[in-house]
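Protein chains in written order, with my numbering: chain A, 1 to 455; chain B, 456 to 772.
We put the CB at the ideal spot given by N, CA and C, even for glycine.
One structure below.
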Amino acid sequence: MKRHPRLRITMLAPLLVVGLLVTACLPSGSEDEQASGGQTGDTTATGGASEAAADEPDELVVWDIYVRGTERDVAEQLTAQFEDEHGVTVTREPKSLDDLKATLPLAMGQADGPDVASVNQGRADMGAIVKAGGLMDLTEFGREQGWFDVWGENLLARNMFDENGEQFGTGNLYGVAPQAEIVGWFYNKDMFDTYGLTPPATFDELEQMLATLKDNGETPITFGNVDAWPAIHTYGAIEHTFVDTSYLNDLIFGTGDVAFDTEQNAQAADVLQRWADEGYFTKNFSGISYDDSWAQFAAGEGALLLTGSWIAGELDPDTVGFFLTPGDSEGSLPPQTGGMGVPLAVSADTEAPNLAKEYVAWMTSEQAAESWVEAWLPSQTPTEDAVADNPLMTDLVSSWQEVLDQDQLGHYLDWASPTFYDALTAQLQELLADRTDPQAFVTALEADYAESSQR
Amino acid sequence: MAASDTDVERRREAPSRRRTTRDRRSSGPGGVGRRWLPYGLLAVPLAVYATFVLYPLATTVRLSFYEWDGLTTPTFNGLTNYLDLVRDDTFIGALVHNGAFLIFYTVVPVALALLLTVLLTQEGTVRGLGVYRVGLFVPQVMPMVVVGVVWRWMYSPVDGAINELLGLVGVDPIPFLGDASTALPAVGLVASWVQYGFAMVLFMAGVQSIDRTLYDAASVDGAGQWAKFRYVTLPGLRGPIVVATTVSMIAALRVFDLVFVMTRGGPARRTTVVAFEIYQRAFQLREVGGAAAAATVLVVLILVLSRFVLRFQEEDA
């Protein structure tokens, strides 16, 4: 939910008159209009020429989040290809993620709303729209397209809800994204050469490396946490080495009977606090913004940057490398925080359901990935040729593939409940400032987790 | 001078009166239309006010008694939203922070502006008024978002202007916005910086309108600088002080932009305010009913406090 730092600037947009904030969206009485159109059995079209039924309109309206530089260019180019191939008109209306989060819930499922839209994952966004009957079930279509083979159930579960929008992580598939996200370690190759370091094979080696860098007067990890969410990724990377994917799935989807105040989560908090005490992070990180921290790393200050693949475009592909968080023993891969970008979903009320589904399939196809890789890490693996001139992207693509192959995709911990982002960021700031201890940390978070999962 | 002025006025009045009489006669029974004209003219702004202020306000209050995610049908839940607010430590904390912002938004700027006004004026005359007006008003004119972004840079421990300056005198960089003890004052001082110019412009204008003979009379009575301030300037500025206090108090209670841009309520919720909690509930958690309840509390709070401050002005009248 909170992994689009670069879109954050655009969050200034909702600074509307506070008094009107709440009233901007009033209930219009009967909102229960059920998903009517849609799943009418016609499930033939795949790939190629337009099999999209002749009785469908030849126009699509798409609300997506591809607003910036290269990603916007790629989205335009791919959309133009789609228009040519199908002889249709696609009207893209790019919006910032936060604009979209505010407007989409009311527009989805309305006659003048979009046919295809970027719908943010999670209970508050996708879940709420599914509950209101605004999204089309793409499970069957996805099976035909082979999405479950490419990405696996574990990854696609993040875009799934039961048809009532109540249960997260199971039931119907409501979207797929062209972008992949994987959180790991960007490293400064020059500095690694200076100290004779190589990407660590085990977590112990990683810690030794941090100590070595510190002893040599370097900043081991470039870090800035005034925005509060970056610490989620730092803690998450450590925490994931103590747990397995089934615990994480249960925690996030609220399926199993799991708690947050476990021995493992406390141990991870202890490691994080120790790293802060040892001075492994940038000095005064609590007052440094995320943007300043990656800019420092990009400028060659600091050996490592622990963040998501989305930042790759801002870094020099030749002097920066990437590796995943290592496990206990050589060759073991612990779960890695990551997932898909904001998925493209189809409106339940679209008059062109087949065309809309085709569009989603095309934008997330292997072929499209060859273009998307210009902008960021695509969810489908592009050919080696496509990334040959970009060593950093080569590292990212192979890391993503390794995580999928070993089925070790972890989670953004703030997804555990609607209020967990707030609780987790606040507690992490306390932990990093030595204002709480690991046991109190997990106890406080368990209290929040237990309370909101009862709702 | 008085005599000639009055003559002119009389001469001017005469024809207009005649015209009025003729109008009345010619319009005949249409006098009714005249009576309704004011209401007709008022109807347009009233309709706008009702549509864009009263109706949303009423709807907000109504929604505060419902559980609603913004999408599905709202369900009535009585006072639950309000009870939840009372039990929510974060919301109570937000109220406390708003209280602290009252100091930074109102007390500090009004006191500072009063002091500067006295220093810059000599018995009701301001030297170089135009320069001050422009200079002091600049922070007021800048959008709060811009102010927030710029100050966030200045507070940064990495190349931030303030820490650079402190560095010159040998102070290590301080993570102002990230440290639990400095974050709230750091945001608050920005508010003071924005507000004092506004108060000062009001006070300077107010000082101009104080009759200078009062200062002369006070001097004759043997009043010193303090007595002149206490018994001439201060009472003369009552109106502007009430206005400055009311406006800045409302700003303190509904502050959102500064907090949103600078800290997002952090670190660990130490700068969160009611308006930010409203935003969180409505758009992050999709608890529209809870957000409406918080908004209602905020509106009531503003009304009550404004009423309290405005009483000082009424006493004057």
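Secondary structure of B:F556 (DSSP, three-state): helix. Under the three-state reduction of DSSP output, A:L409 falls in the strand class. From the beta-carbon of B:D524, the residues of chain A found nearer than 9 Å are P105, A124, A128, K131 and A132. Legend: CB atoms of the segment 394-419 of chain A lying less than 7 Å from CB atoms of chain B belong to residues P418 and T419. For the segment 420-440 of chain A, the beta-carbon criterion of a distance under 8 Å to any beta-carbon of chain B is satisfied by Y421, D422, T425, A426, Q427, Q429, E430, A433 and R435.
If you draw a straight line from the Cα of A:G169 to the Cα of B:L621, it is about 51 Å long. Per DSSP, reduced to three states, the secondary structure at A:Y66 is coil, with no helix or strand assignment. Counting only runs that start and end inside the segment 153-232 of chain A, the beta strand (DSSP E) elements of at least 3 residues fall at 180-188. Residue A:G87 holds the alpha-carbon nearest to the alpha-carbon of A:P57 among A:G87, A:V67 and A:V74.
The segment 735-754 of chain B makes contact with the segment 119-129 of chain A: 3 or more CB pairs, one atom from each, lie closer than 8 Å. When Cβ-Cβ separations below 8 Å define contact, A:G113 makes no contact with chain B.
In terms of Cβ geometry, A:P343 and A:M393 do not form a close pair [threshold 8 Å]. Counted as a single uninterrupted DSSP element, the stretch harbouring A:L324 is not any beta strand (DSSP E), since DSSP gives it neither H nor E.
Between the alpha carbons of B:D712 and A:A102 lies a gap of roughly 17 Å.
A:F297 places its beta carbon 8 Å or farther from that of A:S399.
Contact between B:L540 and B:F546 holds: CB atoms are separated by about 5 Å, below the 8 Å threshold. Contact annotation: A:D115 and A:A356 have beta-carbon atoms nearer than 8 Å.
With a contact defined as Cβ atoms closer than 8 Å, A:P335 and A:L206 miss out at about 16 Å. Annotation: the continuous alpha helix (DSSP H) that includes B:G694 extends over R693 to L708. In this structure, the beta-carbon distance from A:W376 to A:W275 does not fall below 8 Å.
Three or more Cβ pairs drawn from the segment 209-227 of chain A and the segment 277-296 of chain A lie within less than 8 Å of each other, which places the two stretches in contact.
Sixteen is the threshold: when 16 or more other Cβ atoms of the shown chains lie within 10 Å of the Cβ of A:N120, as they do, the residue is buried. For the set B:T726, B:V675 and B:Y670, the Cα lying nearest the Cα of B:V687 is the one of B:Y670. Taking CB atoms only, A:I288 has a neighbour in chain B less than 8 Å away. A:R92: member of the beta strand (DSSP E) spanning T89 to R92, first to last residue. Within the DSSP bridge table, the entry for A:A345 names A:A117 as partners.
Shown here, A:M108 sits in coil according to DSSP, grouped into three states, outside any helix or strand. Distances from the alpha-carbon of A:D204 to those of A:T219, A:S332, A:T91 and A:I232 put A:S332 closest. Excluding residues up to 5 positions away in sequence, Y610, F631 and L632 lie with their Cβ nearer than 7 Å to the Cβ of B:A641 in the same chain. Between the alpha carbons of A:Y449 and B:G652 lies a gap of roughly 46 Å. Beta-bridge partners of A:M340 (DSSP): A:A180.
Within the segment 292-313 of chain A, D292 and Q296 place their CB atoms closer than 7 Å to a CB of chain B, listed in sequence order. A contact is defined here as three or more CB-CB pairs under 8 Å, and the segment 75-86 of chain A fails this definition with respect to the segment 130-148 of chain A. B:L758 and A:A433 have their alpha carbons spaced roughly 39 Å apart.
At the C-beta level, B:L518 and B:A660 stay beyond 8 Å of one another.
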